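Here the structure comes first, spelled out in structure tokens, and everything after it is commentary.
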Amino acid sequence: MTNNTQKLKPATVLVARGRSHTPGSPLNVPIVPASNFVLGDDAEYARDTGTPTWHAFEEVVGAIEGGHALAFSSGMAAAAAVFDQLPTGAKVLIPTDCYQGVVGLANAGVKKNQWDLHTVPLSHTGAWVEGCKDADLIWVESPSNPLLEIADLETICGAPRKQSAILCVDNTFATFLNQRPLQLGADLSMHSATKSIGGHSDLLAGVLIADASKHWEVLNQTRLLTGATPGALETFLALRGLRTMTLRVRQAEQNAIDLAERLEKHERVEKVRYPGLPSHPDHELACRQLQGFGTIISFDVIGGAEPADQVCASTELIQHATSLGGVESTMERRANNPGQEHLPPGLLRISVGIEDVEDLWKDLEYALTLS
Ligand SMILES: *Cc1c(COP(=O)(O)O)cnc(C)c1O
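For the sequence shown, our numbering gives the first residue as 217, with consecutive numbering after it.
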């Protein structure tokens, strides 16, 4: 690679990096199902020194986010590695609206008297700035799951914090195509690679991207010691997902904007939450901060739980399933999930796929009419 590599655009990095340039080598890094390697070179034992697909995956994600990536067995394994860095009695900030697995992890530590937890609404930028002063972990998720709230990342990442503090942004919903937290001053960016990175709902993986000098080393050590390492097949699939990610995400995003606008006009819909709509309370901030509005829409069906469940049961194309980021559209009523009962009862979250938008709308419109 030439020095020009540094200047490559994200769409090119996703396709071009993580490949060998040695004559005769395969264009795509092959899956190597090995736990151990013949000693005498860098590769020794897979939990420690990794496998070729895992390294290639990390190379691409690190290059695109502007840091050094660490692949994990899942998004939660990546999150747990971050929480694992905290000293006893630490002060932890998380958003009020936050991925429920991370909330569970944070609460589990509170139960064991490991840290003090403070939940702050994402829109209360002043409270984040104040909280950053003496926090040990500042965990931000933007846009948030499932309410799609937006944090003022530039202000929060720029606020004074302790030398030893960790500021981590869960970048799963935005993806690095739309937002690169390290460039705004975050210490870590985190993804559930299970979602838009993998893109086909056929793997579990996670990734952290760190500033090499600051946190990479200790997180790498934690991954090794806890064995939270990804499989060779999973990282192959995640890497393969990266290759088409720009096309997938941009198409799904286009569909999402279209559906969000149409949903907003539908008589059975009370409210649409999508950062790309002018009606979103943080639309202006989203326009400044994000290069795209993402592939997730949440909307509230009039009448609450029962009609919303009816909508989920009535679509034929849009699968009634949890999770998100696949090429296929999925939808679920979030308050149905244990621990999410506080959410509006009629709130449906759609992960918009890459199907033809007219087919998606027909499916949704029909289901709404029945509700
Ligand atoms: C899915 C998800 C996670 C957890 O990732 P897993 O791969 O399921 O462990 C974390 N944060 C967000 C925003 C997610 O959507």
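From the three backbone atoms N, C-alpha and C, an ideal C-beta is built for every residue, glycine too. All figures in this text were calculated on a predicted structure; none of them were measured in a lab.
With DSSP collapsed to three states, give me the class of residue i.
{"i": "Asp-418", "result": "coil"}
{"i": "Val-308", "result": "strand"}
{"i": "Ala-448", "result": "helix"}
{"i": "Ile-425", "result": "strand"}
{"i": "Leu-441", "result": "helix"}
{"i": "Asp-575", "result": "helix"}
{"i": "Tyr-261", "result": "strand"}
{"i": "Met-292", "result": "helix"}
{"i": "Ile-473", "result": "helix"}
{"i": "Ser-530", "result": "helix"}
{"i": "Arg-464", "result": "helix"}
{"i": "Glu-274", "result": "helix"}
{"i": "Ala-287", "result": "strand"}
{"i": "Leu-584", "result": "helix"}
{"i": "Leu-243", "result": "coil"}
{"i": "Val-229", "result": "helix"}
{"i": "Leu-564", "result": "strand"}
{"i": "Val-434", "result": "helix"}
{"i": "Val-673", "result": "What is shown of the chain runs 217 to 587, which leaves residue 673 out entirely."}
{"i": "Asn-553", "result": "coil"}
{"i": "Leu-559", "result": "coil"}
{"i": "Glu-365", "result": "coil"}
{"i": "Ile-413", "result": "coil"}
{"i": "Val-298", "result": "helix"}
{"i": "Ile-354", "result": "strand"}
{"i": "Met-217", "result": "Reliability of the predicted coordinates at Met-217 is poor, the pLDDT of 48 falling under 50, and the value obtained from them is presented with this limitation in mind. Coil."}
If I follow the unbroken beta strand (DSSP E) through residue i, where does it start and stop?
{"i": "Ile-372", "result": "Unbroken run through Ile-372 is the alpha helix (DSSP H), 369 to 374; no beta strand (DSSP E)."}
{"i": "Glu-548", "result": "546 to 549"}
{"i": "Ile-512", "result": "512 to 517"}
{"i": "Ser-405", "result": "404 to 408"}
Considering only residues of the same chain and omitting the five flanking positions on each side of residue i, which have a CB-CB separation below 6 angstroms?
{"i": "Asn-471", "result": "Val-568, Val-573"}
{"i": "Ala-524", "result": "Val-517, Arg-549, Gly-562, Leu-564"}
{"i": "Leu-333", "result": "Val-308, Ala-322, Val-326"}
{"i": "Met-217", "result": "For Met-217, the pLDDT reaches just 48, beneath the cut-off of 50, and the residue's location in the model is therefore unreliable, although a value from the coordinates is still provided. Within the same chain, Met-217 has no close Cβ partners at all."}
{"i": "Asp-352", "result": "Leu-302, Ala-306, Lys-307, Ala-381"}
{"i": "Phe-509", "result": "Pro-491, Gly-492"}
{"i": "Lys-411", "result": "Thr-388, Leu-540, Gly-541"}
{"i": "Ala-293", "result": "Gly-422, Ala-444"}
{"i": "Ile-310", "result": "Ala-322, Thr-335, Trp-355"}
{"i": "Val-485", "result": "Leu-479, Phe-515"}
Let's see if you can read the secondary structure: which residues bound the alpha helix (DSSP H) around residue i?
{"i": "Leu-384", "result": "The amino acid occupying residue 384 in the given sequence is Cys; Leu does not appear at that position. No alpha helix (DSSP H) holds Cys-384; the beta strand (DSSP E) holding it covers 382 to 386."}
{"i": "Glu-500", "result": "499 to 505"}
{"i": "Gln-399", "result": "397 to 400"}
Cutting at 8 angstroms between CB atoms, please list the residues of its own chain near residue i, excluding the five before and the five after it.
{"i": "Lys-430", "result": "Asp-403"}
{"i": "Gly-555", "result": "Gln-316, Val-319, Gly-320"}
{"i": "His-482", "result": "Glu-581, Leu-584"}
{"i": "Pro-376", "result": "Cys-348, Lys-349"}
{"i": "Leu-369", "result": "Val-356, Ser-358, Val-385, Gln-395, Pro-397, Leu-400, Ala-402, Gln-505"}
{"i": "Gly-374", "result": "Leu-400, Gly-401"}
{"i": "His-536", "result": "Cys-528, Ala-529, Thr-546, Met-547, Glu-548"}
{"i": "Thr-341", "result": "Ala-367, Asp-368, Thr-371, Ile-372"}
Who are the near neighbours of residue i in its chain, counting only those whose CB is closer than 7 angstroms to its CB and skipping five residues on each side?
{"i": "Ala-250", "result": "Ala-262, Thr-267"}
{"i": "Val-527", "result": "Val-517, Leu-564, Ala-583, Leu-584, Ser-587"}
{"i": "Pro-446", "result": "Trp-270, Ala-287, Phe-288, Ser-289, Ala-421"}
{"i": "Asp-427", "result": "Gly-283, Leu-398, Asp-403"}
{"i": "Ile-413", "result": "His-407, Ala-454, Gly-457, Leu-458, Met-461"}
{"i": "Leu-440", "result": "Arg-263, Asp-264"}
{"i": "Trp-577", "result": "Leu-475, Arg-478"}
{"i": "His-416", "result": "Gly-457, Gly-542, Val-543"}
{"i": "Glu-532", "result": "Asp-579"}
{"i": "Glu-469", "result": "Gly-508, Phe-509, Gly-510, Thr-511"}
{"i": "Ile-473", "result": "Gly-492, Phe-509"}
{"i": "Val-229", "result": "Val-276, Ala-279, Ile-280"}
Answer yes or no: does any C-beta atom of chain C fall closer than 9 angstroms to that of residue i?
{"i": "Thr-538", "result": "The structure shown contains no chain C; it is built from a single protein chain."}
Within the region 306 to 352, note down every full alpha helix (DSSP H) run reaching 4 residues or more, in order along the chain. Within the region 306 to 352, the complete alpha helix (DSSP H) runs of at least 4 residues are 316 to 327, 341 to 348.
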